[in-house]
Structures are given as C-alpha cells and as structure tokens.
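What follows is a single structure, written as structure tokens, with notes after it.
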Amino acid sequence: MKRRTFFLGLAGLAGCTRQQKPRLNVYIWSEYIAPSTLETFAREFGVHLHHSIYESNEELLAKVFSGNSGWDVVFPSHYFLKPMRQQGLLAPLDAGRLPVLGNLAAELQHPAWDQSLDWGLPYMMGAAGVVHQQSVDAQAQSWDLLWREDMRGKVTMLDDPADTIGAALLKLGMPLNSTHPQALQAAKEALVAQKRLLRAYLNSEARQQLVAGELHASHLWTTTSLLAMDDSDALAYYYPREGFARYADCAVVLKESTRKHLAHEFLNFLLRPEIAAANAEESFTTTANEAARTLLPQELRDSAALYPDAATLARGQWFEAIPPDAQRLRDRIWTEVKAR
Amino acid sequence: MTPAAGGLRALFLAPAWLTMAGLFLLPIAVVLAYSFLTRGAYGGQDLPWTVESYIRMWDPLYLGILARSFLLAGAVTVLCVPLAFPLALFIARSGRHKLLWLNLVMLPFFTSLLVRTYAWMFLLRDTGLVNTLLLKLGVVAAPLPLLYNDGAVIVGLVYSYLPFMVLPIYATLERIDLALLEAAADLGERPWGVTRRVLLPLARPGILAGAVLVFIPSLGSYLTPDLLGGGKSILVGNVIQNQFTTARDWPFGAALAIGLMLLVLLLLRWWEARGGGELG
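Structure (structure tokens):
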C-alpha cells in the first residue's frame, strides 16, 4: 500500500502539541478523507483534530486491541465490527445524535451486519474485481481470465487471504465466505494451479506495473484500479460474472473514547452531503452517502465501477467475519499455496 | 574487591541490567506466556494453558518452510563472504581514508530498510533500470524476470546484511600483523598462497562472527521476501507475521517465534562447541 502516506502521518504526529482546545483523535485509512474535511471540522467545532493513518484492518485492530490506544474514531471494514464488538472495543452509536442517517444509500440503512446501525456508520464502499489491458481480451467478464495459460507471468492476485481465497471460491461458483472444508480444498487446488501463471501476489504495487504495461491483468480493488485507469487508457475494469467481494468501511466510536459527544458530532459531520462528496472525490471511492453522489463530478458519479447497476450489484457478496476454526483452515491453505 | 567497590559496581551495572530485563527479557517472557495460551476468537489470547501450538508446529508444511528459510539464509551468508572479504581488506589497508570507507559501508542504515527495498524493486522491474539498460544495449530482446523470485530475495538480503559481514572481517584484518604476510612472501609463498594459507586463517574469527550476524537476521526476515519475492514464496518470518495479522492466531505465532529462537540458540551452541569461534 501507499507507505509514503506514513510520513505524512508522522508529520501530523509531530505537529500536535499541547493545546487548550478540546481534541479529537481520528485514525483512518490512507488517502481516505479530504484535508478540507479535517480543517473545516476543526474550525467549525473549535477543536484540535489529530489524525493518523493505517493500511490494513489488522494494523488497526492491533493498535486498538489494548483498549487504551487514545483514538476516538476509527474506520474498520464492516466485517470487523463483530470481532471488535465482541472484544468490547466499540461504543454503541446514539442515533439521536445522527439526525441525517437518511442520507445513506438505501442498502446501507439496514445492512445485514448491523441491522439498525447500532455500531458503525457506513462511510465508503469498496469491492475487488479484475483490471486488465483491453488489448488482451476486450470481452473478458470472468475470473477465468486470471487462470488463462496465455497470461503466464503477466497476472497478479491480491496478497490478501480473504480476497484471494474468496476469488477462487467465487470462480468455482461457491460462496465468498465459505467455511466448508471441501469448498476450501477446491479453492486451494485452483490457487495452486494458478500459481505458476502468476507474476506475484500484489496489492497497491500492481497499479504502476499495470500502467507501465508490465502486467496484463490483475485481481485488484476498485479504487486502486481506477487510479491505474486514470493514468492509462488501455486499461479496463470489470466485476466478474461469477460474483465479486464487497466491503463497507464504517466510522465507529471506540468504547475507550472520553469524547463520545464530539465523536458523534464528527460522524454527523461526515454525513453532510458536501463533506461526503469531498471525501469521495479525494479518495476515488464509492461514497456510502446517497445524497452526496449528485454533488460529485460527472466522471465519478457515472462511473460503472464505483456505482455499478443493480444487475451487477446483485452478483456482489459482502465479506463476513470468518469463525475461528474456518479461519485457521483458511490460513493453512494460504500458507500451503504460498509454500508451493 | 572491597565491599564498597562491589556496591559501586552493582550501581553502575544496574542500568544495563534494567535495560536487559525490561526491554529484552520481559518481552520474551510475554511471548513465551502467549505461546502456551489458547487463541482468542478474533485475535489476542485466552485461557486455558495448552501446548497445542507447539504440537501444531511439527506439521510438515511448517517444517518445509523452515527448511527453505535455512537454505535461503545459508545461501545469503555464503554469498556475503566473497563480497565482504575484499572490501574489508581494502578498507583495512586504506590508511587515512579508513573512516570514510567505514562510514560509507554503514551509510545505508541511515535510510529505512523499507525504502531501500522499494529502491530494489525499481531497479529490478521489467521497466526498471537494469532491464532498460540491457534492452537498450541489445543484450536481451525481452525484459528478464528479475523481480519476484528467490533470486531477487537473495539479492535483497545480501544487500541488506552485507555490512554485518564487512565490519567483523574488517575488525580482524585490521589487527593482523603485516609482518606475518611479508614473512610468508619472503619464504616463497605466492600472493594467492599468502591469502589462502595465512590471511584467510587469520581472518577466520571475523568471517565466522559475520556469518552468524548475517545468517540470523536473514532467517527471520519477512519484509524482503514479501516485497522482492512478490508474496510468492513464504519464509518462517512471514508465517509468524501472518499469525499476528490475518490468521489471528497469536499463540501459534508466539510458539513459532520461540521455536525459531530455541533452534538458533542450539545451533549457536553447537557452532561454538565445534570451535566455530570466539563469538562470546
């Protein structure tokens, strides 16, 4: 991922000094919020807003696990809400302090993982599909593209067990979150068969190599793919017909926070359409805020990758928290694939 | 030693002992404790105490990864010797510029390993410096697959840990009495013979110390194999890292870390017993 943003985070840390103003500590994914959002909130509410960034849910969880991390608002993916809740890390949201929840997209008003939005406020949505050079196969619509013999040495998969085991399961017509040993075994065999064709398992690093034409196709997140496509007209992106993985990053208030009122003000601020639009534009991501979408520049608003039609969305499957035993099996499979 | 001197000695040693206990022994004790616990449902650790993690370790999958890690770290160590020795010799003989050269050897440590590893990625990519140069010179027709294989990992590790080989060899070479080399030459030994039969044996302690200093961090490395290996090969360091992140199995990760540490300690003892050297 983008590690240069780490240095920006350090600079942010260095800039915070003892102040009289109330403060709010926000821990968020890199390049996920517009600088203007942070500045406007700090000015309007007369607070000192300190923010820093992380690159993975695991990194976030490791930081807040102790229960005295010092952060007030963090942004886990939706399938981390359950484990974080079970560890007693989350404070319940007070819907009374979030009067404009109606701004959210319809499918996020009562999501399966948090029916009445008691724990997390959906912020951005994401998904993983296939980005490829159109010259290779302009008609490609399947995961099979990443398993094709003629792509040898020119394809990458995400270096993430949930995403990549999930892609293999979907290719085989099985559910993304399968915990069934036989399904996982089949997924392992598909990944082992694919491995000799792979250049590497890459996350954000794939972006530049796609732009440079070194790669023909990659299993990649929507936002990273769009950033690559912004630099190269030769690239195209699709959500495979067999199905694809979706996730929603949610703003949550940590139980340890001593500034829950201010934290709610911040969440409510994020729900403002113009603020949500600025954040979506900055991050090249799908906003969870329906009211903000109309405010976006046309190229983002009408992007089929960011805002797929209903038929495409019907193929999407949300990640779920995997139970411990299945998680252990998945890790063993991942290790086995990597060790081949 | 008088009682007063003993008290003074204890007083002056106290900071060292406290640092060792607080920053070295205590964390290892925590890791040891975790390794005997049950994993929490979503990370962390729970009661009851168990040796389950130590039993799981004997899975051929993990033993195979361990063996591969040993081979790779061994290759890195062996490659470092011929690269480091001439350099160390050159520095030891470079008179008043010694300090400059030594500083240059240590210069890479001023930058984060992460940044330096990324630099290697830019060198080795298809459109990187090396391939661009080879293509322009007409040496190759298509870019060579330099990145994302074991070769790239070895190059990255050799680059990262070479200074750990150079410095101890330099330290021994610097202390060698040059008269010994002259005597060997006077007695009819050719330059190659002087090197092989006099210089190398005298430099042995430095080479052995360097080997240990290179081998151990190579064995535990996880960043370089991940970035330069493109996640396609997995070393024991990566397995341990995964247990604390995606696999959410802290006790197993802790047990693997303890197991690796014990293995390395045993190897060091064996090495010393074999006369491997003045490592203490």
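Quick mapping for you: the protein sequence lines, in order, are chains W and B.
Take the first sequence: its position 63, counted from the start at 1, is 63 in our numbering, and no numbers get skipped.
Take the second sequence: its position 117, counted from the start at 1, is 1117 in our numbering, and no numbers get skipped.
Don't be surprised by glycine CBs; every beta carbon is placed ideally from N, CA and C.
Bear in mind the structure is a predicted one, so any value in this text is a computation, not a measurement.
- Less than 8 Å divides the Cβ of N268 of chain W from the Cβ of R97 of chain W.
- For A1273 of chain B and A1257 of chain B, the gap between their C-alpha atoms comes out near 24 Å.
- For D1226 of chain B and A128 of chain W, the gap between their C-alpha atoms comes out near 21 Å.
- Chain order gives the chain W residues near Y1148 of chain B as R199, A200, where near means a beta carbon separation below 7 Å.
- With fewer than three CB-CB distances shorter than 8 Å, the segment 224–237 of chain W does not count as touching the segment 180–197 of chain W.
- At the C-beta level, V64 of chain W and L262 of chain W stay beyond 8 Å of one another.
- When Cβ-Cβ separations below 8 Å define contact, Y1054 of chain B makes no contact with chain W.
- Chain-ordered, the chain W residues with CB closer than 7 Å to the CB of V1239 of chain B read T335.
- If you draw a straight line from the Cα of R1009 of chain B to the Cα of A1016 of chain B, it is about 12 Å long.
- Close to chain W, meaning a Cβ-Cβ distance shorter than 9 Å, are the following residues of the segment 1221–1249 of chain B: D1226, L1227, G1229, G1230, G1231, K1232, S1233, I1234, N1238, V1239, N1242, Q1243, F1244, T1245, T1246, A1247, R1248, D1249.
- Residue contact check for A1185 of chain B against chain W: no CB pair falls below 8 Å.
- In the structure shown, H216 of chain W adopts coil according to DSSP, grouped into three states.
- In the DSSP assignment, S52 of chain W is bridged to W:Y27.
- For G70 of chain W, the CB contacts under 7 Å within the same chain, skipping 5 residues up- and downstream, are N25 in chain order.
- In the displayed model, N289 of chain W falls within a strand according to three-state DSSP.
- The Cβ atoms of K154 of chain W and R199 of chain W sit closer than 8 Å to each other.
- The shortest CA-to-CA distance from Y238 of chain W to any of W:S225, W:C250, W:Y247 is the one to W:S225.
- DSSP links M157 of chain W through a beta bridge to W:Y201.
- By the Cβ-count criterion, E1182 of chain B is exposed, with fewer than 16 other Cβ atoms from all chains shown falling within 10 Å of its own Cβ.
- Within 10 angstroms of the beta-carbon of A1254 of chain B lie 16 or more other beta-carbons, which makes it buried.
- Remark: three or more beta-carbon pairs, one from each stretch, lie closer than 8 Å, so the segment 1233–1253 of chain B and the segment 328–335 of chain W are flagged as touching.
- Following the DSSP letters along the chain, one finds H261 of chain W inside the alpha helix (DSSP H) bounded by residues 260–270.
- Unbroken alpha helix (DSSP H) runs of no fewer than 4 residues, entirely contained in the segment 1126–1214 of chain B, are found at 1129–1136, 1150–1175, 1178–1186, 1191–1194, following chain order.
- Per the Cβ contact rule, the segment 273–291 of chain W is in contact with the segment 116–130 of chain W (3 or more Cβ pairs under 8 Å).
- According to the DSSP assignment, R1274 of chain B belongs to no beta strand (DSSP E), since it is labelled neither H nor E.
- The C-alpha of A1203 of chain B lies about 29 Å from the C-alpha of G1151 of chain B.
- Distances from the alpha-carbon of T294 of chain W to those of W:R315, W:R272, W:A311, W:A314 put W:R272 closest.
- Q133 of chain W is outside the set of residues whose beta carbon lies under 8 Å from a beta carbon in chain B.
- In terms of Cα proximity to F1070 of chain B, the closest of B:P1201, B:K1232, B:L1228, B:V1212 is B:V1212.
- Between G1230 of chain B and L1147 of chain B, the CB-CB gap stays under 8 Å.
- Under the 10 Å beta carbon count, S1053 of chain B is surrounded by 16 or more other beta carbons and is classified as buried.
- In the structure shown, the three-state DSSP call for D1249 of chain B is coil.
- Around the beta-carbon of K1232 of chain B, 16 or more other beta-carbon atoms lie within 10 Å, marking it buried.
- Measuring C-alpha to C-alpha distances from V1105 of chain B to each of B:M1165, B:Q1241, B:L1026, B:T1117 identifies B:M1165 as the nearest.
- The closest CA to that of T179 of chain W, considering only W:A339, W:A326, W:R23, W:R340, is found on W:A326.
- Linking A1142 of chain B to M1261 of chain B through their CA atoms gives a straight-line distance of about 44 Å.
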